[in-house]
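Trainee: Have a look at this one before I ask anything.
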Amino acid sequence: SASASASASASAQSKTHISTPVTDKRQRDSDSRSPEEKAKELAEELRSGLGPLAQGWGRSSHEVGAEKFVDTFFKASRLHFIGTWKERYDTLLDVMDDTPPLIEINPRWIFHVDMDAFFASVTTRGVPELQRLPVVICWGSEKSNSGEISCANYVARKSGVKAGEWLSSAKEKCPTLISFPFEFEKYTETAMNMYKALFRLTPHVLGLSCDEAYLDVSQVVADAALANPFADVNHVVSEIAEKLRREIFQVTGGCTASIGCGSNQFLSRLATKQAKPDGYFHLEDSKVLDFIGKLNVSDLPSVGWSTTKILKEKGIQTCFELRKLSQKFLAQDLKLGPKTAKKIFEYCRGIDTRPWNPRPIRKSVSAQISWGVRMKTDSEVEDFLKHLSAKVVDRMLAMFKKTSGNKAKGTAAEEANVIRSFHGASLVSLKVWRAKKNANPNKRKGSLGHGQCDRLHRSLTRSFPTKDPEEVARNTIGLFKALKIEAEEVRGMGVILGNLHENKNSASSTSVRKLSTNQAKRRRTVLEPFRNTFNLSAALQASTLTKDIENLQTLSHKEMVDAIIDQLRKTKTEPEVLPFLGNKKACEAAAFCNGETCGSVHCFQKHMLDCTAQFLYEMCVSIDDDLVRIRCLIQAVKQIANCIWEKDSDLNKYWQSCCDQLKFQYREDVNVCSSSQISYSSSRNSDIIMNSSGIVGLGK
DNA sequence: TGCGTGTGGTAG
DNA sequence: ATCGCTACCACACGCA
1 SASASASASA
11 SAQSKTHIST
21 PVTDKRQRDS
31 DSRSPEEKAK
41 ELAEELRSGL
51 GPLAQGWGRS
61 SHEVGAEKFV
71 DTFFKASRLH
81 FIGTWKERYD
91 TLLDVMDDTP
101 PLIEINPRWI
111 FHVDMDAFFA
121 SVTTRGVPEL
131 QRLPVVICWG
141 SEKSNSGEIS
151 CANYVARKSG
161 VKAGEWLSSA
171 KEKCPTLISF
181 PFEFEKYTET
191 AMNMYKALFR
201 LTPHVLGLSC
211 DEAYLDVSQV
221 VADAALANPF
231 ADVNHVVSEI
241 AEKLRREIFQ
251 VTGGCTASIG
261 CGSNQFLSRL
271 ATKQAKPDGY
281 FHLEDSKVLD
291 FIGKLNVSDL
301 PSVGWSTTKI
311 LKEKGIQTCF
321 ELRKLSQKFL
331 AQDLKLGPKT
341 AKKIFEYCRG
351 IDTRPWNPRP
361 IRKSVSAQIS
371 WGVRMKTDSE
381 VEDFLKHLSA
391 KVVDRMLAMF
401 KKTSGNKAKG
411 TAAEEANVIR
421 SFHGASLVSL
431 KVWRAKKNAN
441 PNKRKGSLGH
451 GQCDRLHRSL
461 TRSFPTKDPE
471 EVARNTIGLF
481 KALKIEAEEV
491 RGMGVILGNL
501 HENKNSASST
511 SVRKLSTNQA
521 KRRRTVLEPF
531 RNTFNLSAAL
541 QASTLTKDIE
551 NLQTLSHKEM
561 VDAIIDQLRK
571 TKTEPEVLPF
581 LGNKKACEAA
591 AFCNGETCGS
601 VHCFQKHMLD
611 CTAQFLYEMC
621 VSIDDDLVRI
631 RCLIQAVKQI
641 ANCIWEKDSD
651 LNKYWQSCCD
661 QLKFQYREDV
671 NVCSSSQISY
681 SSSRNSDIIM
691 NSSGIVGLGK
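All residue numbers in the first sequence are consecutive under the UniProt record's numbering, ending with 700.
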């Protein structure tokens, strides 16, 4: 395979213009300086093009201000680049034809394609003088030797330099090491070109990251074997792989890929390790047990640092030794749990039962920063959370626009409909890094690392979903208050959005996001008693606002709800922000945090507003008939908009009249639902009985 | 038993 | 001084 790849390199060298043309100094030098000098100069040139980012911008959030800090951090963060890669990959999938479902045929042939030292290879591609030097990718420069190495090319690896290492320590091992800055746009473009090449071979591509993918080539192999019935199958497969590697080399402008091949995903991934760098390796089924037996347990996927340690304590180092243990022993005695035990029990025998899932449905969106986060006051914390929330909501909406944009097949009106039908997230979580009391400053990555921290997490199940960044900010600020952490202790924060909802009544909601089974079940349970007491025909007769109805018929469900919530908000003064909906612990914490405010009229109003909005939202999704729904909603809005709650008796009156209007049964003995019922008592005499789906009744 | 929450582990 | 992210899974525990 080495000679094959050499010829691949030679043939592709002249065709680098197919992909990104190399426009900088990399290729044009003809002076007499040494390759090292030229490389260092090039590295400096690339760095200076990055502005303040790479030129010593290591300043904290406190100095820079939240807005600029959040923005700059994400632009420069390699982990953010890796973490958000699937969002960019989605844009490629969106413009492609839908992948036909995979039919598993026997024998199964899976390729695992992995670019060699991807970041470094993008930087040095097409320039052999550069490729012969030890090169790493990280933010540290010639002047400052700190910075964590993200990628080392194979020359540097020969000196023992590894990813994850500090630049200073790497330079001790390899004094001639040259460090290049990140070039994220180029990685993205190169990865896209690589993927397009993969898709030209087969539609069955399962993208893992910007430099790594699985391919199911069973059908490709079957076709090739049929066309050439007397050829050795292994030979046929290796030809396909080598051809693909040549193709990747061409379209990436000279980056090499390795391909591992096996009869399932796991085996092909193991094979790649053997194939690297710049090669192909087929792990045959007959050799699997021997091959795996020699591996360390930590080579198995899902065996990380922690599991390795547990196994090592029992004297288990290799997969051969691991095979002697029973699944039950792994699960119970080693406390790995039944699932992990089953997984590694099967992996060390070459078994992989993971289904082929090329485009899993996204269940959450998050944004977090735990570097350079330094705060002095609560208002700085709030400012930071506002910008983090804006960021995460942005990404959530962008994701939805893209994934559903494809389904709407293009026209602006259809796409608008798709966006409208997305309701947002109803789970809002906050993650906080809190500096440990006596944190050791040496266990910190540079002066702006988070150091030793406790990580805390609080979540809030909202009564209705939101896609409003300010709303998310209010919720996370509330959660932060409930945690009772001093601003000075904060070393990092993250905002996570979950339970992503799409209107199930919307025509375009087919399959992108769905309520989980549990959510759907719970929703039915909550709605059932309402359905039975809801007199639709009476509500219809009660409605006199026919003109408005005509105007409103063009609105989507969600627009209706938004309009209602908007109305609701206008009826109150600025609410206290407290995370007391649907979360008993958060409720208690908030009450403890500020007992006086928690029972206040404002706070109570906020509670009522959320509950009411939930109530209307449920109504929206439960009534199928547009006209009926709109009429009922108009009645409700009319009531709510005119209502100002100042006293408990007003609240009760409001609810009673609202229920009357809508022909709901008003019940004093609120015993409606359900398993996880929560009673929230204010300092007044009203009880709201609710579960985490929202209000289910009203008591005295 | 089933559900919701918080924590920990893992990959890339 | 040098950018410690993101998404998912699994589990323990408390509660009803």
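Quick reminder that beta carbons are idealized off the backbone N, C-alpha and C, glycines included.
Would you mind working out which of G65, L201, R323 and F281 sits nearest H387, comparing C-alpha positions?
Mentor: For this step, residue 387 is matched to residue 387 along the first sequence. For the residues G65, L201, R323 and F281, the minimum Cα distance to H387 belongs to G65.
Trainee: Where does C348 fall in DSSP's three states?
Mentor: The residue given as residue 348 occupies position 348 in the first sequence. The answer is coil: DSSP assigns C348 none of H, G, I, E or B.
Trainee: If you draw a straight line from the C-alpha of K443 to the C-alpha of S32, how long is it?
Mentor: Here residue 443 is taken as the residue at index 443 of the first sequence, counted from 1. Here residue 32 is taken as the residue at index 32 of the first sequence, counted from 1. So the alpha carbons of these two residues sit roughly 45 Å apart.
Trainee: Mind checking who G260 pairs with in its DSSP beta bridge?
Mentor: Counted from its first residue, the first sequence places residue 260 at position 260. G260 pairs with H112 and F281.
Trainee: Can you tell me which of the three DSSP states K558 falls into?
Mentor: Here residue 558 refers to the residue found at position 558 when the first sequence is read from its first residue. The predicted model places K558 with a pLDDT of 44, which falls under 50 and marks its position as unreliable, so this point remains unresolved.
Trainee: Considering only the beta carbon of each residue, do I178 and L167 sit closer than 8 Å?
Mentor: Start at 1 with the first residue of the first sequence, and residue 178 comes out as number 178. Start at 1 with the first residue of the first sequence, and residue 167 comes out as number 167. For I178 and L167, no; Cβs fall outside 8 Å.
Trainee: Can you grab the Cα-Cα spacing for the pair R108 / S263, in whole Å?
Mentor: Stepping through the first sequence from its first residue, residue 108 is reached at position 108. Stepping through the first sequence from its first residue, residue 263 is reached at position 263. Near 5 Å, if we compare the C-alpha coordinates of S263 and R108.
Trainee: Classify L536 as helix, strand or coil using the three-state DSSP reduction.
Mentor: Indexing the first sequence from 1 puts residue 536 at position 536. Note that L536 scores 28 on pLDDT, short of 50, meaning its location in the model is unreliable; the coordinates nonetheless yield the value given after this. DSSP places L536 in helix when its eight states are reduced to three.
Trainee: Please name the residue in N499, S238 and L130 whose C-alpha comes closest to that of S34.
Mentor: Walking along the first sequence from the start, residue 34 turns up at place 34. If we check each option's Cα against that of S34, L130 comes out closest.
Trainee: How close, in whole Å, do the beta carbons of C348 and L322 come, if the pair is a contact with beta carbons under 8 Å?
Mentor: Numbered from its first residue, the first sequence carries residue 348 at position 348. Numbered from its first residue, the first sequence carries residue 322 at position 322. Contact flag correct, Cβ pair sits at about 5 Å.
Trainee: Suppose contacts are defined by Cβ-Cβ distances below 8 Å. Is R200 in contact with S141 by that definition?
Mentor: Taking the first sequence and counting its residues from 1, one reaches residue 200 at position 200. Taking the first sequence and counting its residues from 1, one reaches residue 141 at position 141. No, the Cβ-Cβ distance between R200 and S141 is not below 8 Å.
Trainee: Are the Cβ atoms of R491 and S60 separated by less than 8 Å?
Mentor: Numbered from its first residue, the first sequence carries residue 491 at position 491. Numbered from its first residue, the first sequence carries residue 60 at position 60. Not a contact, by the Cβ cut-off of 8 Å.
Trainee: Could you give the DSSP three-state label for residue 701: helix, strand or coil?
Mentor: The requested residue 701 does not occur in the structure, where the chain is confined to residues 1 to 700.
Trainee: Who does Q368 pair with in a DSSP beta bridge?
Mentor: Counted from its first residue, the first sequence places residue 368 at position 368. Partner(s): G494.
Trainee: Provide the residue span of the alpha helix (DSSP H) that contains V237, from first to last.
Mentor: Taking the first sequence and counting its residues from 1, one reaches residue 237 at position 237. V233 to V251 is the extent of the alpha helix (DSSP H) around V237.
Trainee: Enumerate in chain order the residues of its own chain whose CB-to-CB distance from A341 is below 7 Å, with the five nearest sequence positions on each side excluded.
Mentor: The sequence position of residue 341 within the first sequence is 341, counting from 1. Closer than 7 Å at the Cβ level, and outside the excluded window around A341, lie Q327, L330 and A331.
Trainee: Alpha carbon to alpha carbon, what distance is there between S366 and K324?
Mentor: The sequence position of residue 324 within the first sequence is 324, counting from 1. The sequence position of residue 366 within the first sequence is 366, counting from 1. In a straight line, the C-alpha of K324 is about 41 Å away from that of S366.
Trainee: Hey, W371 and F182 are a contact pair by Cβ (cut 8 Å); roughly how many whole angstroms apart?
Mentor: Start at 1 with the first residue of the first sequence, and residue 371 comes out as number 371. Start at 1 with the first residue of the first sequence, and residue 182 comes out as number 182. Between F182 and W371 the Cβ distance is about 15 Å, and since that is not below 8 Å, they are no contact.
Trainee: What separation, rounded to the nearest whole angstrom, lies between the Cα atoms of T202 and H235?
Mentor: For the purposes of this step, residue 202 is taken as residue 202 along the first sequence, with counting starting at 1. For the purposes of this step, residue 235 is taken as residue 235 along the first sequence, with counting starting at 1. Looking at the two C-alpha atoms, the distance is approximately 19 Å.
Trainee: I'd like the list of long-range same chain contacts for T377, defined as Cβ closer than 6 Å, with 5 residues on each side in sequence excluded.
Mentor: The residue given as residue 377 occupies position 377 in the first sequence. The residues are A487.
Trainee: Assess, as a yes-or-no matter, whether the segment 443-454 is touched by the segment 464-475 under the definition of 3 or more beta carbon pairs within less than 8 Å.
Mentor: No, the segment 464-475 does not touch the segment 443-454.
Trainee: Under DSSP, the beta strand (DSSP E) around I292 begins and ends at which residues?
Mentor: On the first sequence, residue 292 is found 292 positions in, with the first residue counted as 1. Premise fails: I292 lies in the alpha helix (DSSP H), V288 to G293, not in any beta strand (DSSP E).
Trainee: Could you tell me the distance, in whole angstroms, from the CA atom of E165 to the CA atom of K75?
Mentor: Position 165 of the first sequence, counted from the start, is the residue given in the question as residue 165. Position 75 of the first sequence, counted from the start, is the residue given in the question as residue 75. So the two alpha carbons sit approximately 22 Å from each other.
Trainee: Is the number of C-beta pairs between the segment 119-138 and the segment 249-259 that are closer than 8 Å three or more?
Mentor: Flag = yes, the segment 119-138 and the segment 249-259 touch.
Trainee: Please name the residue in D116, R354 and K276 whose C-alpha comes closest to that of E104.
Mentor: Within the first sequence, numbered from 1, the residue matching residue 104 stands at position 104. Nearest C-alpha to E104: R354.
Trainee: Alpha carbon to alpha carbon, how far is K437 from E189? Give it in angstroms, no decimals.
Mentor: The residue labelled residue 189 in the question sits at position 189 within the first sequence. The residue labelled residue 437 in the question sits at position 437 within the first sequence. Distance between the alpha carbons of E189 and K437 is about 45 Å.
Trainee: Please state if the CB of L430 and the CB of F480 are separated by a distance shorter than 8 Å.
Mentor: Residue 480 sits at position 480 when you count from the first residue of the first sequence. Residue 430 sits at position 430 when you count from the first residue of the first sequence. Yes, Cβ-Cβ distance for F480 and L430 is below 8 Å.
Trainee: Can you tell me whether DSSP reads A152 as helix, strand or coil?
Mentor: Position 152 of the first sequence holds residue 152. Strand.
Trainee: Could you tell me the distance, in whole angstroms, from the CA atom of I485 to the CA atom of P465?
Mentor: Here residue 485 is taken as the residue at index 485 of the first sequence, counted from 1. Here residue 465 is taken as the residue at index 465 of the first sequence, counted from 1. I485 and P465: Cα-Cα distance of roughly 27 Å.
Trainee: With 16 other CB atoms within 10 Å as the buried threshold, where does L79 fall?
Mentor: Counting from 1 along the first sequence, the entry for residue 79 is found at position 79. L79 comes out exposed.
Trainee: Below 8 Å, can you find three or more Cβ-Cβ pairs linking the segment 191-200 to the segment 235-250?
Mentor: Contact between the segment 191-200 and the segment 235-250 is present, because at least three Cβ pairs lie under 8 Å.
Trainee: Quick one, which of L500, L456, T84 and E41 has its alpha-carbon nearest C210's?
Mentor: Here residue 210 refers to the residue found at position 210 when the first sequence is read from its first residue. C210 has its Cα closest to that of T84, out of L500, L456, T84 and E41.
Trainee: Compute the beta-carbon to beta-carbon distance between H282 and V237, rounded to the nearest angstrom, for a pair I have assumed lies under 8 Å.
Mentor: Indexing the first sequence from 1 puts residue 282 at position 282. Indexing the first sequence from 1 puts residue 237 at position 237. The pair is a contact, with the Cβ atoms about 7 Å apart (cut-off 8 Å).
Trainee: Suppose contacts are defined by Cβ-Cβ distances below 8 Å. Is I316 in contact with V70 by that definition?
Mentor: Taking the first residue of the first sequence as 1, we reach residue 316 at position 316. Taking the first residue of the first sequence as 1, we reach residue 70 at position 70. In this structure, V70 does not lie closer than 8 Å to I316 by Cβ.
Trainee: Measuring straight from C-alpha to C-alpha, what distance separates V221 and S159?
Mentor: Walking along the first sequence from the start, residue 221 turns up at place 221. Walking along the first sequence from the start, residue 159 turns up at place 159. So the alpha carbons of these two residues sit roughly 40 Å apart.
Trainee: Going by C-alpha distance, which of V122, D97 and I137 is nearest S77?
Mentor: Here the question's residue 77 lines up with position 77 in the first sequence. Cα-wise, what sits closest to S77 is I137.
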